[in-house]
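The listed protein sequences derive, respectively, from chains V and S. Going by the numbering used here, the letters in the first sequence line up with residues 1 to 171, in that order. Going by the numbering used here, the letters in the second sequence line up with residues 1 to 171, in that order. Where is the CB? At the ideal position from N, CA and C, for every residue including glycine. Here's the structure, in structure tokens; my notes come after.
2 protein chains.
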Amino acid sequence: MTQYFATITQMNKMLGNVETWLDEAVSFAKAKNDFDPNVLLSMRLAPDQYTLLKQIQGACDAAKFCAARTSGKDAPKHPDDETTLEQIRARLQSVRTYLAAFTEKDFEGADQRLVPLSFMPGKGLTAADYACEMATPNFYFHVTTAYSILRHAGVNLGKRHFIGSLSLRDV
Amino acid sequence: MTQYFATITQMNKMLGNVETWLDEAVSFAKAKNDFDPNVLLSMRLAPDQYTLLKQIQGACDAAKFCAARTSGKDAPKHPDDETTLEQIRARLQSVRTYLAAFTEKDFEGADQRLVPLSFMPGKGLTAADYACEMATPNFYFHVTTAYSILRHAGVNLGKRHFIGSLSLRDV
């Protein structure tokens with residue numbers, strides 16, 4: 001499996017893990033005075049930090065752009081207009097469906113591709129460096145911060161919810 | 001550059017980024033009533049979550065074991081006995097020196113290697129899956145949580161401190 005395809009497959013799995021965290025968040029809200037779980041989407045860990053909603057949108061974008069830019073395609077647009085758990089779940093589903101449609105073949109020639117950086121005109125990264133130095137850390141930054149916001153709020157999550165399933169072999 | 005070597009190189013850079021976050025933490029402590037910055041090492045985001053100290057130890061271990069296990073070597077031992085910023089900085093330096101000594105050649109044959117999972121007797125992952133599904137998410141989990149604990153405490157950090165330097169090219 002090429003590294004590009006493996007990275008996208010792993011990001012897709014992680015976004016599926018985020019869906020299970022939201023299930024736990026809803027259970028937590030129900031058990032704790034049956035509060036509206038959508039409130040969690042506006043929580044954050046510092047006043048000048050993104051909310052849970054924006055962290056999930058950021059994770060979706062990091063994964064989507066990693067797939068699009070390393071394969072040389074245009075990414076589908078998402079207007080960031082979600083306000084509810086139902087809507088952010090639909091966003092996760094949309095991005096996961098997009099990622100799942102990629103095949104090994106889409107990344108042929110990726111090692112020769114350069115990815116321009118929109119915030120740094122005239123500069124860019126090789127696709128390999130983009131995946132390793134930018135997309136992957138940025139993706140995990142947003143999923144881990146989303147996880148931390150839920151943990152801080154009291155949602156019952158542990159490392160197994162973060163890591164999710166593994167491609168186990170007998171040794 | 002092989003993916004294994006690129007991953008270790010990136011983890012080494014990220015641990016260097018953590019050192020700069022600790023510099024910012026010390027500046028923050030000095031500016032805010034000159035409190036003892038070592039206090040930050042005992043902070044956490046949830047009562048049943050690791051402290052900042054343990055998050056940094058966890059990041060160090062994830063990187064060290066990723067390098068050792070994908071290259072088929074024994075990892076150096078670290079007894080997790082740090083209690084101060086000075087000591088955890090020495091731990092970061094020790095692991096960064098270990099990572100920096102790896103070369104491309106150390107990862108020859110890694111694609112044929114299986115990594116046993118200590119918490120799952122009889123089971124393991126290919127070295128490629130171990131790096132992608134276990135070591136990388138676990139590493140970023142700990143570095144991002146360390147970052148979030150500092151952000152939550154008020155330390156003046158932003159995304160640029162998280163991402164750090166990039167291998168820029170002209171495009």
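Return yes when at least one heavy atom of the ligand FAD lies under 7 angstroms from the C-beta of residue i, else no.
i	result
residue 119/S	Inclusion of the ligand FAD in the displayed structure is not the case, the ligand content being empty and no account of it being possible.
Is there a Cβ from chain S that is less than 8 angstroms from the Cβ of residue i?
i	result
residue 112/V	no
residue 124/V	yes
residue 151/V	yes
residue 168/V	yes
residue 27/V	no
residue 171/V	yes
residue 11/V	no
Could you have a look at residue i and say whether DSSP puts it in helix, strand or coil?
i	result
residue 125/V	strand
residue 95/V	helix
residue 143/S	helix
residue 130/S	helix
residue 137/V	helix
residue 72/S	coil
residue 22/V	helix
Measuring only between beta-carbons, confirm whether residue i sits less than 8 angstroms from chain V.
i	result
residue 8/S	no
residue 118/S	no
residue 163/S	yes
residue 96/S	no
residue 160/S	no
residue 175/S	Outside the shown range of chain S, which is 1 to 171, sits residue 175/S, and nothing can be said about it.
Does any CB atom of chain C fall closer than 8 angstroms to the CB of residue i?
i	result
residue 128/S	The question asks about chain C, but that chain is absent: this structure's protein chains are V and S.
I'd like to confirm the pairing. Which residues does DSSP put opposite residue i in its beta bridges?
i	result
residue 170/S	123/V
residue 39/S	DSSP output for residue 39/S lists no bridge partner at all.
residue 116/S	124/S
Tell me which residues of the segment 133-145 of chain S have at least one Cβ-Cβ distance to chain V shorter than 8 angstroms, keeping chain order. 133, 134, 136, 137, 138, 140, 141, 144, 145
Of all the residues that make up the segment 30-53 of chain V, which are near chain S by a beta-carbon distance shorter than 7 angstroms? 45, 46, 49
Check distances from the C-beta atoms of the segment 51-72 of chain V to those of chain S and list, in chain order, the residues that come in under 8 angstroms. none
Give me the subset of the segment 78-95 of chain V whose CB atoms are less than 9 angstroms from a CB atom of chain S, sorted by chain position. none
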